[in-house]
Amino acid sequence: MQKLPPSPASPALCTAIPNIDLGRTFDLRYEDEEVHFESLSRLADFFGRNMSAHRHDRVFQVHVLTQGEVRLYLDDRFYHLRAPLLFLTPPAVTHAFIISDDAEGHVLSVRQQLIWRLFKSDPSGILERTLASPLCAALDVVPDPASDASAFESVQLLNYFSLLADEFAHGGLGRALNLVALTRLAFVSMARLPSLASIEEGKHLRQVDVEIFQKFNQMIETCFRQHWTLVQYADALSLTETRLNDICRRVANLSSKRLVHDRVLQEAKRQLMFSAAPISEIAFDLGFKDVSYFSRFFRQQTATAPGEWRDQARTRSA
Numbered sequence: 003m004q005k006l007p008p009s010p011a012s013p014a015l016c017t018a019i020p021n022i023d024l025g026r027t028f029d030l031r032y033e034d035e036e037v038h039f040e041s042l043s044r045l046a047d048f049f050g051r052n053m054s055a056h057r058h059d060r061v062f063q064v065h066v067l068t069q070g071e072v073r074l075y076l077d078d079r080f081y082h083l084r085a086p087l088l089f090l091t092p093p094a095v096t097h098a099f100i101i102s103d104d105a106e107g108h109v110l111s112v113r114q115q116l117i118w119r120l121f122k123s124d125p126s127g128i129l130e131r132t133l134a135s136p137l138c139a140a141l142d143v144v145p146d147p148a149s150d151a152s153a154f155e156s157v158q159l160l161n162y163f164s165l166l167a168d169e170f171a172h173g174g175l176g177r178a179l180n181l182v183a184l185t186r187l188a189f190v191s192m193a194r195l196p197s198l199a200s201i202e203e204g205k206h207l208r209q210v211d212v213e214i215f216q217k218f219n220q221m222i223e224t225c226f227r228q229h230w231t232l233v234q235y236a237d238a239l240s241l242t243e244t245r246l247n248d249i250c251r252r253v254a255n256l257s258s259k260r261l262v263h264d265r266v267l268q269e270a271k272r273q274l275m276f277s278a279a280p281i282s283e284i285a286f287d288l289g290f291k292d293v294s295y296f297s298r299f300f301r302q303q304t305a306t307a308p309g310e311w312r313d314q315a316r317t318r319s320a
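Counting along the sequence shown from 1, when you hit position 40 you're at 42 in this note's numbering, and nothing is skipped either side.
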């Protein structure tokens, strides 16, 4: 099995990390449907088994491997796992992977609006907190004598993917409705996996707070390069800065400032990891007018200078 390359060969900023639009490059049905389902082997035959760094704008994508193994980058995290496993890439998350020659499985691609509607329908906010970030998890399909919860959810999830495959290939009347329904079931099942269950039991949140938190995160996605102040975010949401911070702490146990800084840092790490662009270009792309200010910001968040962090990341992937 080949090693995963630490970065693409061509220098590029985030905007040059390829956005693979499956509707334009692979199957026109992607253009018209909220849910698209494909076998892993068919996509591998078309794109190859060594996928360099890329992203999918406005699409949540789930890979499920039922056989074989994967070497995977999700942002700056590296995984090497054998099937059965899954990995989730939310919209615009940079990822790169190599799957083994014997790898088999499924790929579910879902328009972000459908998943956002699912998040909005969950008053607890647990679905969003669990599934709005990239993840990779092994699926435990062997019952544990002490508890079979893990095996139950893993088998249930694999069953949903089998049903999605059948419905996408052969569905008749109500096909689109069934695909949406099965997709919702699959995402809820993913959030239930014990390996992902990090949310405190019994925690109840007000629906209005969850909705504001979701809007704030969507606003961060749009405005983080403009370095909006927390007052600007709060004003746009018709809130006080204190109220916004209180909601973020209640929903995510993080401050509003931390959420904004984490998004800037995440993008900085993506570009350092997946591009050969000079640090000065990355800083300017992220809205920093002064490279030294970007370096200070990065060091404050990671205790490491940007160039040093890039070297360490590449050494880990070698």
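Using N, Cα and C, we set each Cβ at its ideal position, and we do this for glycine too.
Residues bridged to residue i [DSSP beta-bridge criterion]
i, result
"L288", "According to DSSP, L288 bridges with nothing at all."
"R84", "E71"
"N247", "None, per the DSSP bridge assignment."
"L110", "F39, V64"
"I100", "N52, R73"
"A134", "According to DSSP, which records beta bridges pairwise, A134 is partnered with nothing at all."
"N21", "R57"
"A140", "L87"
"R44", "R44 is not bridged to any residue."
"R79", "L76"
Beta-carbon proximity list for residue i, same chain, < 8 Å, skipping 5 on both sides
i, result
"S191", "E155, Q158, L159, Y162"
"R208", "P125"
"W311", "K271, L274, F300, T304"
"L87", "V66, L67, V72, C138, A139, A140, L141"
"V253", "G127, R131, L207, D211, V212, F215"
"L165", "L184"
"A167", "F39, S41, H108"
"V143", "P86, A153, S156, V157, L160"
Beta-carbon contacts of residue i that lie in its chain and below 7 Å, excluding the five residues immediately before and after
i, result
"V182", "E36, V37, L116"
"S294", "none"
"E202", "Low confidence applies to E202: its pLDDT is 40, below 50, so where it sits in the model is not reliable enough to give any reading."
"L239", "I214, K217, F218, L246"
"L187", "Y162"
"V233", "E243"
"E169", "R177, N180, L181, L184"
"G309", "I281"
"P92", "F62, A134, S135, P136"
Close beta carbons around residue i, own chain, < 6 Å, minus the five adjacent residues each side
i, result
"E71", "R84, S102"
"I109", "Before going further, note that residue 109 is Val rather than Ile in the sequence given. Excluding residues within five positions, the ones whose Cβ falls inside 6 Å are E40, L42, L45, H65."
"L129", "F121, A193"
"A94", "R57, D59"
"A55", "P10, I19, T96, A98, F276"
"V267", "Strictly speaking, residue 267 in this sequence is Leu, with Val absent from that position. Within the same chain, L267 has close Cβ partners Q303."
"L314", "Note on residue identity: the sequence assigns Gln, not Leu, to residue 314. Around Q314: no qualifying Cβ."
Inter-residue spacing [alpha-carbon to alpha-carbon] between residue i and residue j
i, j, result
"R62", "L24", "Checking the sequence, you will find Phe at residue 62 rather than Arg. One C-alpha to the other measures close to 12 Å."
"S243", "D237", "The sequence shown places Glu at residue 243, rather than the Ser named in the question. Distance between the alpha carbons of E243 and D237 is about 8 Å."
"R131", "W118", "12 Å"
"I22", "K259", "32 Å"
"H97", "R57", "6 Å"
"P136", "D78", "11 Å"
"D264", "P280", "21 Å"
"G289", "F226", "8 Å"
"A134", "L195", "15 Å"
"Q228", "Q114", "23 Å"
"K291", "I284", "11 Å"
"V112", "A307", "37 Å"
"L261", "D47", "39 Å"
"S257", "D104", "45 Å"
"S297", "E223", "22 Å"
"F80", "W230", "31 Å"
"L241", "Q220", "16 Å"
"T317", "L76", "17 Å"
"F89", "F189", "12 Å"
"F49", "D287", "29 Å"
"L175", "R26", "27 Å"
"N255", "G173", "43 Å"
"S328", "F28", "The displayed coordinates of the chain run from 3 to 320. Any statement about residue 328 would go beyond what the structure contains."
"E269", "Y235", "19 Å"
"E106", "D248", "45 Å"
"C250", "A171", "42 Å"
The ligand NAP heavy atom lying under 7 Å from the CB of residue i
i, result
"M53", "Annotation note on the ligand NAP: not contained in the displayed structure, which lists no ligands."
Checklist entry - Taking the runs of the alpha helix (DSSP H) that are 4 residues or longer, which of them lie wholly in the segment 162–203? => result 177–194
Item to check | Complete runs of the alpha helix (DSSP H) confined to the segment 205–230 [at least 4 residues] | outcome: 209–225
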